[in-house]
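Presented below is the structure to which this report refers.
Protein chains in written order, with this note's numbering: chain H, 503 to 871; chain G, 490 to 1052; chain S, 30 to 146.
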């Protein structure tokens, strides 16, 4: 019989396997919203479970694959091989290799159940409540205590439990911030809750993790953890205020453009008549017969203070959007120029705006801090 | 025209050939399980190529960030059809095809219990498959993912006033119709398998002596019979919601989207065991022959298959850990999922014991069977990890799951299918396949599949969700995606090598003897290819390896062991 | 690697074709175990007993699968029915009628086959 494997494959294969497994360590490096780079206790717990599983899996893998590879080399048929023993089975051996894995699985099950009840615990102490409302295809965040609504960025204080109510009146989405918590689906008609805490200030990428239609890939958000609780309260107060008045002609022109063209879908508190921005979407937006108070697009009252825009896919790079300057790198301008190019299929279908109009709108919206 | 001599040889009758004796007619009207098996296999392989093209398009789009190969709507149709095609139109019919061809031969029967219903099952599959692929012509291929979650799959009006992009078009209807037809095909096939195996085994072949491949097809058939009704019910309710104004899944009027998930996964989980059990069976036939030993622990392998069958109905909500079920329910499903890992582990140990101290012959079928064991282990390990609920919260709906499903489906079912093809090709066609090309294909596939699917573990851990048509350049996912795409194209090369081997061997392959591998079971005790009636005289069986007994009467199994 | 008795079987078939068309098929009631099947071929299977065995006359048509057009026709009717169910009620009606016809044909063919046996 032809020998299909050459001498020296064994060490090669072993190296290959170790290399492959070690790449997993890369997952702990920065750059990505990595589940193995936790910044809060929930994600930390979930990540510890992973490392334990990896060790167990690696041992089993090396053991079983090792046995396989050993047999392949050792028991190759050679011209002088004696006839193989015609074993049909062995009850003792069968019992051993049923009972031992059962014990191991039992241990893992214990860890599983303990872990799942742990991460489901109700938070104690100071809690911030937020409603995360999954639209197609952007995230709205409503704070019921301070009655403010914002989009794309979920601002929270550090070292405080955040209780996120998950609301949808359309399709199923999923709320996932890999560095802070595992995901929970946002199911229309259900009142799911996801609780997490961030240990330190920073920005953490959030992702929609349930296929929700054509732009599911472009439905991100970020969790902005302020430096301390006071800064968070300051932010809340700023968000509660009505929109800033325009302070230049260009901005005034932008405000007029907004009133002429954008009010069907977007609200600005203090500018759009009868719009308060204080309504609880879980009340306003759930009745299929009533549409009032429930806008299609994000609230823009404090647009200028947001770090992410366009359903979480574009950075709000204010420094590239200075009035009078070159707006070719300004993301907001790019968005206004052609929203369908950035996010084909989304609901913002607008006619072509002139460059001057875009400049005015950019100036006005970025001034709404 | 046929000429027949009648009576004492002095009269000659000349008549027109009936339709059923023309080349086309023979295939259109056949009820011969071997021909039907071949038709299933050829059709399934064609759909494998279709699904494979869809996979390559997906990977081409995801090779680089902000890819421009496919627009988002087309991409969403691609990944939906890739899953639907591969599961319903490739693996299931291919396993059916093998079962159809091999099972009657293995049990010493002349045909299946219901030959015409057997043919019916095949034709329904063909029509259903063509129908669902036709949807591309209308640019309305199903686009809701292969498991079509509600409310996304509902029509615009049924899924809520503020939902603008549910499924207004016919996409979901094609899916419902197609899968219903495929369900009918599978149900008729399963009934046939069950009755055939329970009633038509050769004399002396107690169920305790039936080959393991037949056992696995039997369990698979029971699973299909009990699981498909869930899918039929779920689809029927979806159809009613979409076209007849009901609100089973529509939350706004009192329905519940999670109902779809429960119904679907009550089918969907047994379904994945339907896809893998025949593969277990094939490997359990190939390993002993190429180790020159009987299978180790026949009883344990057979009963663990049955155990998996029963347990598969108790685990479905492990696909729904992130949906918000109460923790106590999740604990139940975590427990049942852990339990089902046990029979699978037992099988792997028994296969290892089979090759231990054997005389291993590394011909093509053996390579693929060993590859199966190696790759399925990885799929089993990352699957067991997914059962650990707190970890699952992080990686469900991410590329980690995509890695798991492809290790068990490609590294598992597909490798076993190739093993089965190489093993039984000589029997089915009377020719040998080219061994060198087969070995080359094996290594290309092994490298390709690991390159394609291993990086996906990391992508999931790094936060990449499933079913995204593109990703931004600053997430740190770029290199891994590119690696995965290269692996996928390498897999494509492997499949090309196989096609070359297939075409060449059909035309110019070495003539195959009736027993090229010195095998143990009854199908090898026939000509290659077998006569229309399989066996002129039905054999009498005295052990689990009747053909081995016949060839080695001195050391026959029935002399040394009582089974 | 054995070629179990197939060449002998071919001989037997040729012999059968020359015999009368009305020969009924009978299975030899005394089967020997598979391990000695290669020796047979219409000869006496001696066990030491004095017994005249019948020559096995098996018609190929009796043990081969029978062709039938009904599975294909029924599938076409079923497809028409299902497509009509979703897209057009008239087509659905036509499909149902065709389907019933096919089922009737199928069943009739089955009872005809049973009578022949």
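We put the beta carbon where it would ideally sit given N, CA and C, even for glycine.
Because the structure is a prediction, the values reported are computed rather than measured.
Please classify residue 669 of chain G as buried or exposed, where buried requires at least 16 other C-beta atoms within 10 Å of its C-beta.
buried
Taking all protein chains shown into account, decide if residue 490 of chain G is buried (16 or more other Cβ within 10 angstroms of its Cβ) or exposed.
For residue 490 of chain G, the pLDDT reaches just 48, beneath the cut-off of 50, and the residue's location in the model is therefore unreliable, leaving the point undetermined.
Neighbour list for residue 509 of chain G in chain S, Cβ cutoff strictly below 7 Å:
96
So what's residue 708 of chain H in DSSP terms, helix, strand or just coil?
When secondary structure is reduced to three states using DSSP, residue 708 of chain H falls in the strand class.
I'd like the list of long-range same chain contacts for residue 106 of chain S, defined as Cβ closer than 8 Å, with 5 residues on each side in sequence excluded.
124, 127, 128, 130, 131
Going by beta-carbon coordinates alone, are residue 554 of chain G and residue 967 of chain G separated by less than 8 Å?
yes
What is the residue span of the beta strand (DSSP E) that residue 671 of chain H lies within?
Run containing residue 671 of chain H: none; DSSP gives neither H nor E here.
Identify each residue in the region 574-607 of chain G for which the Cβ-Cβ distance to at least one residue of chain H is less than 7 Å, and report them in chain order.
none
When you compare the CB of residue 1022 of chain G with every CB in chain S, is at least one pair closer than 8 Å?
Yes, its Cβ sits closer than 8 Å to a Cβ of chain S.
Tell me which residues share the same chain as residue 644 of chain H and place their Cβ nearer than 6 Å to its Cβ, disregarding the 5 neighbours each side in the sequence.
633, 651, 783
With 8 Å set as the bound, which would you pick, yes or no: does the beta-carbon of residue 562 of chain G sit closer than that to a beta-carbon of chain H?
Output row for residue 562 of chain G: interface = yes.
Using a Cβ cut-off of 9 Å, pull out every chain G residue sitting near residue 574 of chain H, in sequence order please.
Counting only Cβ-Cβ distances below 9 Å, residue 574 of chain H has contacts in chain G at 844, 849, 851, 859, in chain order.
Who are the neighbours of residue 966 of chain G on chain H, taking C-beta pairs under 7 Å?
What residue 966 of chain G touches in chain H, judged by beta-carbon distance under 7 Å, is 534, going in chain order.
The beta strand (DSSP E) that contains residue 636 of chain H, what's its start and end?
629-636
At the 8 Å Cβ level, is residue 19 of chain S part of the contact set with chain G, yes or no?
Residue 19 of chain S cannot be examined here, being either before or after the span of chain S that is shown, 30 to 146.
Inter-residue Cα distance where the pair is residue 691 of chain G and residue 1027 of chain G
7 Å
Quick one: grab the DSSP three-state call for residue 856 of chain H.
In the three-state scheme derived from DSSP, where H, G and I count as helix and E and B as strand, residue 856 of chain H is classed as coil.
If you measure from the beta carbon of residue 746 of chain G to each beta carbon in chain H, is any gap under 8 Å?
It does: the Cβ of residue 746 of chain G has a partner Cβ on chain H nearer than 8 Å.
Three or more C-beta pairs below 8 Å linking the region 692-700 of chain G and the region 621-634 of chain G:
no
Which of helix, strand or coil DSSP assigns to residue 702 of chain H:
Note: residue 702 of chain H maps to coil in three-state DSSP.
For residue 705 of chain H, which residues in chain G fall below 8 Å Cβ to Cβ?
By Cβ distance, chain G contributes nothing, its closest Cβ being about 13 Å from residue 705 of chain H, past 8 Å.
At what residue ranges does the region 573-604 of chain H contain a whole run of the beta strand (DSSP E), taking only runs of 3 or more?
Taking 3 residues as the shortest admissible run, the region 573-604 of chain H contains no complete beta strand (DSSP E) segment at all.
DSSP puts residue 849 of chain G in a beta bridge; with which residues?
H/578, per the DSSP bridge assignment.
Considering Cα atoms alone, identify which of H/867, H/753, H/762, H/778 is closest to residue 743 of chain H.
H/778
Unbroken beta strand (DSSP E) run spanning residue 652 of chain H, endpoints:
650-653
Proximal residues of chain H, C-beta to C-beta of residue 811 of chain G below 7 Å
676, 685, 686, 687
Do residue 697 of chain G and residue 602 of chain G have their CB atoms nearer than 8 Å?
no
Please tell me whether residue 952 of chain G has its Cβ less than 8 Å away from any Cβ of chain H.
yes
Own chain, CB closer than 8 Å to residue 544 of chain H, minus 5 neighbours either side, in chain order
Sequence-distant partners of residue 544 of chain H (beyond 5 residues in either direction) whose C-beta falls short of 8 Å from its own C-beta, in its chain, are 621, 682, 683, 684, 697, 698, 699.
7 Å CB neighbourhood of residue 708 of chain G in its chain, flanking five on each side removed:
766, 794, 795, 798
Can you give me the start and stop residues for the beta strand (DSSP E) that residue 743 of chain G sits inside?
Here residue 743 of chain G belongs to no beta strand (DSSP E), and DSSP marks it neither H nor E.
I'd like to know whether the C-beta of residue 1038 of chain G is nearer than 8 Å to at least one C-beta of chain H.
Nearest CB-CB separation between residue 1038 of chain G and chain H: not below the 8 Å threshold.
Taking the beta strand (DSSP E) that residue 625 of chain G falls in, what are its first and last residues?
Note, residue 625 of chain G: premise wrong, no beta strand (DSSP E); not H, not E.
Which residue marks the beginning of the alpha helix (DSSP H) containing residue 135 of chain S, and which one marks its end?
118-145
Of all the CB atoms in chain G, is at least one closer than 8 Å to the CB of residue 112 of chain S?
Interface with chain G (8 Å Cβ-Cβ cutoff): residue 112 of chain S is included.
Taking all protein chains shown into account, do 16 or more other C-beta atoms lie within 10 angstroms of the C-beta of residue 133 of chain S, making it buried, or fewer, making it exposed?
exposed
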